[in-house]
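Student: Just so we're aligned, residue 1 is where the sequence shown starts under full-length UniProt numbering, counting upward by one.
Right, I'll just put the structure down here and ask away after.
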Amino acid sequence: MIRGTSDTVSTMLTSQKHAHGSSIFEDEEPRTIEVQPLLLSPQMRFYTSEASRSLHPCERGCSSDAKRDVRTPHRREKRWTWDSEEALYQTMCFAEDPASSFLHPAHRRNALFFAIPIMLMTTGALWLVLTGGALLCRASGSVAGSVMEGSDGIVLAPPDILHSWAAYTPYFSAEPYRSPPSDCKITQVNIIQRHGARFPTSGATMGIVAAVNKLLAATSYTDPRLDFLRNYTYSLGVADLVPFGALQSAEAGARSYYRYSKLVSKRNIPFVRSSSGQRVVDSATNWTAGFSLASNRVYNPPLSVILDEDRNDTLDDNMCPNAGDSDAQTEIWTNIFGAPIATRLNAQALGANLTATDISFLMPLCAFDSIVRKAPSPFCDLFTPAEFAQYEYYGDLDKYYGTGYGQELGPVQGVGYVNELLARLTETPVQDETQTNRTLDADPATFPLNRTIYADFSHDNQMIAIYAAIGLFPQPQPLDPAKPDPERTWVTSRLTPFSGRMVTERLTCKKLHGSAGVKGGKNSASYVRILVNDALQPLEFCGAKGDGLCELEAFVTSQAYARNNGDGDFEKCFS
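Spelled out as structure tokens, the structure:
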């Protein structure tokens, strides 16, 4: 039960309507976007401070010994150790309250996951589980089981393919985080983050199952790498967050606390919003829990606002009914790279009759199966690193022509969020006539302008639209559906991996940077810099130099497309 005020609507979502992160999207009836009053939206609920006041996972259902604080802080290194593996497990055991747990009870299944993946063994060795997604601690299937089976972890996939899974790549830092110049001080942080790793969506599942069934129907296998299919049963779930995905978001929350703890006080904790897809809500809650645990439960940010995906929502990409898709472009490339693979596999699995389209559904099983199994999937061995690189380009085309620069009505779907970002950076009311919820954005309780950390949780397609609306990752020419450009910077695994994030930092600097000039006799100025998965963005469009710093005023000016509500593109969504 989610605790809240008497005015809080706490209707639980039970299904997913959209197949995000896949080239297959479920059909949906056109709808009129309406601005709903604050308390009347039937699928919108608000977590108050009451809901997340007890973030310790052992608040219910754990032994009394588990409730003692078993962690020892090492404040200089900002790390935690646990007195024993059992103490670690007790700290991370399940709670019944969805606002206190790391995965919604309906999605736990029988898997045990850990709340925060910054784990120090008693030997003092640090394991950052999500650095490239290459390590994942072993989890037992029962609550009584051992938490870990050693400190070696599990290699999910060979490193030469791990970053070639397109949108299904586990989060990794695209570049090492660069601290701001020594004369600069971060004053505000805006995070928008994709949900953690999940099962395939319903649309993708249909294609995967059809392709797998063809392999299973083969009369014989001539390659030993296919022998596992003799006893194989497809058992992946649909769309829900998986334990590894829960772990990713909790780690991100902890990392945010460590990096930006100087911005936090008991009177100024992160303001957190989420789109209403359940895996997104769960990811937001996991992030808040990781943030809280990293602070030794001193700072417990609640999930404050959940934006209904059937209403005006700046964190979802379903507000433009007339927007096209990427099917034409991905089909061209699928036929080019998938056909030779299908021919090879058909020779190894006699009677399978796989098509190029089937290949586009079989290849991501390497990612999904590895993440869920917590071990390398045998599907990975069916394809070469070069073929996975070709699959990466399939994902690049899907996003570029789905909601990116290649889609006429793609960038406009990110305009609402950009205008909210500008409002926060300048601490002025939101000015937008696209997909913002004007009722929520006009209320300081649901859209405050005085916080130092904002964290929003979204989907990959919407984040792509936001990148394009801002002007990030521009390409000298549209992606060629028939020929990859090896020099392209539009690489989906670096843009929107599972738990991928864009961070916009506002800074004050004592010296002038970039194109800033002396104003009023003062050399100091306010700046903005943007990092995508820790990679500092160049921001040439607003005068940034090597340090990535763009003067705040220049950044606002550069966002004319958003400030002009998409230059008429939003109206095309409905006309």
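Glycine included, each C-beta is placed from N, C-alpha and C at the ideal position.
Looking only at its chain, what residues have a beta carbon closer than 6 Å to the beta carbon of V532, apart from the 5 residues adjacent to it on each side?
Tutor: As a position in the sequence shown, residue 532 is number 532, starting the count at 1. The residues are M502.
Student: Quick one: what does DSSP say E331 is sitting in, helix, strand or coil?
Tutor: As a first step, residue 331 is located in the sequence shown; it is residue number 331 there, counting from the start. In this structure, E331 counts as helix in the three-state DSSP scheme.
Student: What does Q188 pair with, by DSSP beta-bridge criteria?
Tutor: If you number the sequence shown from 1, residue 188 lands on position 188. Q188 pairs with R506.
Student: Where does A386 land, buried or exposed, given buried means 16+ other C-beta within 10 angstroms?
Tutor: The sequence position of residue 386 within the sequence shown is 386, counting from 1. Exposed is the call here.
Student: Please report the straight-line C-alpha distance between Q193 and M363, rounded to a whole angstrom.
Tutor: Residue numbering aside, residue 193 sits at position 193 when the sequence shown is read from its first letter. Residue numbering aside, residue 363 sits at position 363 when the sequence shown is read from its first letter. Approximately 25 Å between the Cα atoms of the pair.
Student: Taking the alpha-carbon of N231 as reference, which of L354, T355, N213 has the nearest alpha-carbon?
Tutor: Within the sequence shown, numbered from 1, the residue matching residue 231 stands at position 231. Looking at the Cα atoms, N213 is the closest of the given residues.
Student: Between the Cα of S575 and the Cα atoms of T426, G351, G277, A323, which residue gives the shortest distance?
Tutor: Position 575 of the sequence shown, counted from the start, is the residue given in the question as residue 575. The residue with the shortest Cα to Cα distance from S575 is A323.
Student: Cutting at 7 Å between CB atoms, please list the residues of its own chain near G543, excluding the five before and the five after it.
Tutor: On the sequence shown, position 543 is the one that residue 543 refers to. Contacts found: G514, S515, C550, E551, A554.
Student: If you draw a straight line from the alpha carbon of C366 to that of A204, how long is it in whole angstroms?
Tutor: Your numbering for residue 366 matches position 366 in the sequence shown. Your numbering for residue 204 matches position 204 in the sequence shown. About 14 Å.
Student: Taking all protein chains shown into account, do 16 or more other C-beta atoms lie within 10 angstroms of the C-beta of D369, making it buried, or fewer, making it exposed?
Tutor: Counted from its first residue, the sequence shown places residue 369 at position 369. Answer is buried; the Cβ neighbour count reaches 16.
Student: In whole angstroms, give me the CA-to-CA distance for E427 and V491.
Tutor: Position 427 of the sequence shown, counting from 1, holds the residue named residue 427. Position 491 of the sequence shown, counting from 1, holds the residue named residue 491. Rounded to the nearest angstrom, the two C-alpha atoms are 33 Å apart.
Student: How many angstroms separate the CA atom of R373 from the CA atom of R255?
Tutor: Your numbering for residue 373 matches position 373 in the sequence shown. Your numbering for residue 255 matches position 255 in the sequence shown. Answer to the nearest angstrom: the Cα atoms are 25 Å apart.
Student: Do A525 and L539 have their C-beta atoms closer together than 8 Å?
Tutor: To locate residue 525, count along the sequence shown from 1; it is residue 525. To locate residue 539, count along the sequence shown from 1; it is residue 539. No, the pair does not count as a contact, with Cβ atoms beyond the cut-off.
Student: On the criterion of 16 or more Cβ atoms from any shown chain inside 10 Å, does I332 qualify as buried, or is it exposed?
Tutor: Here residue 332 is taken as the residue at index 332 of the sequence shown, counted from 1. I332 comes out exposed.
Student: List the whole-angstrom C-beta distance separating G404 from I341, where the pair is believed to meet the contact cut-off of C-beta under 8 Å.
Tutor: Here residue 404 is taken as the residue at index 404 of the sequence shown, counted from 1. Here residue 341 is taken as the residue at index 341 of the sequence shown, counted from 1. Incorrect: roughly 26 Å between the Cβ atoms, too far for contact.
Student: In the structure shown, what three-state DSSP assignment does L422 receive?
Tutor: Along the sequence shown, read from residue 1 onward, the residue named residue 422 stands at position 422. Reduced to three states, the DSSP call for L422 is helix.
Student: Can you check DSSP and say which residues form a bridge with D567?
Tutor: Here residue 567 refers to the residue found at position 567 when the sequence shown is read from its first residue. According to DSSP, D567 bridges with nothing at all.
Student: Buried or exposed: which applies to A347, given that a residue is buried once 16 or more other Cβ atoms fall within 10 Å of its Cβ?
Tutor: For the purposes of this step, residue 347 is identified with residue 347 of the sequence shown, where counting begins at 1. Classification of A347: exposed, given that the 10 Å Cβ count is below 16.
Student: Please state if the CB of Y299 and the CB of K262 are separated by a distance shorter than 8 Å.
Tutor: One-based indexing of the sequence shown puts residue 262 at position 262. One-based indexing of the sequence shown puts residue 299 at position 299. Contact flag unset, no.
Student: Determine the closest residue to T439 out of E571, D308, V242, K185, with distance taken between C-alpha atoms.
Tutor: Position 439 of the sequence shown, counted from the first residue, corresponds to residue 439. Checked all of E571, D308, V242, K185; the closest Cα to T439 is D308.
Student: From L507 to L345, what does the alpha carbon distance come to, in whole angstroms?
Tutor: Taking the sequence shown and counting its residues from 1, the one referred to as residue 507 is at position 507. Taking the sequence shown and counting its residues from 1, the one referred to as residue 345 is at position 345. So the two alpha carbons sit approximately 54 Å from each other.
Student: Once you ignore the five residues that flank T557 on each side, which residues in its own chain have a CB closer than 8 Å to its CB?
Tutor: As a working mapping, residue 557 is identified with position 557 in the sequence shown. C542, listed in sequence order.
Student: Restricting to runs no shorter than 3 residues, where is the beta strand (DSSP E) found entirely within the stretch 157–188?
Tutor: You should have found no qualifying run.
Student: Taking the alpha helix (DSSP H) that D396 belongs to, which residues open and close that run?
Tutor: For the purposes of this step, residue 396 is identified with residue 396 of the sequence shown, where counting begins at 1. Unbroken alpha helix (DSSP H) run through D396: 385–400.
Student: Can you give me the Cβ contacts of A252 inside the same chain, cut-off strictly under 7 Å, excluding the 5 residues immediately before and after it?
Tutor: Here residue 252 corresponds to residue number 252 of the sequence shown, with the count starting at 1. Once the five neighbours on either side are set aside, the close Cβ partners of A252 are Q193, W287, G290, S499, R501.
Student: Between the C-alpha atoms of C573 and E392, what's the straight-line distance to the nearest angstrom?
Tutor: By 1-based counting over the sequence shown, the position of residue 573 is 573. By 1-based counting over the sequence shown, the position of residue 392 is 392. Rounded to whole angstroms, C573 to E392 spans 29 Å at the Cα level.
Student: Out of A468, T355, V281, V412, which one is the CA nearest neighbour of A250?
Tutor: As a working note, residue 250 is residue 250 in the sequence shown. Closest by alpha carbon: V281.
Student: What's the call for D223, buried or exposed, on a 16-neighbour Cβ count within 10 Å?
Tutor: Here the question's residue 223 lines up with position 223 in the sequence shown. D223 comes out exposed.
Student: Thinking C-beta only, is A211 closer than 8 Å to L354?
Tutor: In the sequence shown, the residue the question calls residue 354 occupies position 354. In the sequence shown, the residue the question calls residue 211 occupies position 211. Yes, the Cβ-Cβ distance between L354 and A211 is below 8 Å.
Student: Determine the extent of the alpha helix (DSSP H) in which L303 is found, giving its start and end residues.
Tutor: Translated into positions along the sequence shown, residue 303 becomes position 303. Run containing L303: none in the alpha helix (DSSP H); it sits in the beta strand (DSSP E), 303–307.
Student: What does DSSP give as the partner residues of V528 in its beta bridges?
Tutor: For the purposes of this step, residue 528 is taken as residue 528 along the sequence shown, with counting starting at 1. Looking at the DSSP assignment, V528 forms a beta bridge with R506, C550.
Student: Candidates G196, N335, I470: which alpha carbon is nearest R279's?
Tutor: The residue you call residue 279 lines up with position 279 of the sequence shown. The shortest C-alpha separation from R279 is found at G196.
Student: Going by beta carbon distance, what residues of the same chain come within less than 6 Å of Q188, once the five residues before and after it are set aside?
Tutor: Sequence index remark: in the sequence shown, residue 188 carries index 188 (1-based). So the qualifying residues of the chain are T452, R506.
Student: I need the straight-line Cα distance from M389 to D443, nearest angstrom please.
Tutor: Position 389 of the sequence shown, counted from the first residue, corresponds to residue 389. Position 443 of the sequence shown, counted from the first residue, corresponds to residue 443. A quick correction: the sequence has Ala, not Met, at residue 389. Cα-Cα distance, rounded: 47 Å.
Student: Quick one: give me the first and last residue of the alpha helix (DSSP H) that Y257 is part of.
Tutor: Translated into positions along the sequence shown, residue 257 becomes position 257. Taken as a continuous stretch (DSSP letters only), the alpha helix (DSSP H) holding Y257 covers 243–260.
Student: Between I336 and A167, how many whole angstroms is the CB-CB distance? I'm expecting something under 8 Å.
Tutor: Position 336 of the sequence shown holds residue 336. Position 167 of the sequence shown holds residue 167. In fact, because the Cβ distance is near 20 Å, the residues do not count as touching under 8 Å.
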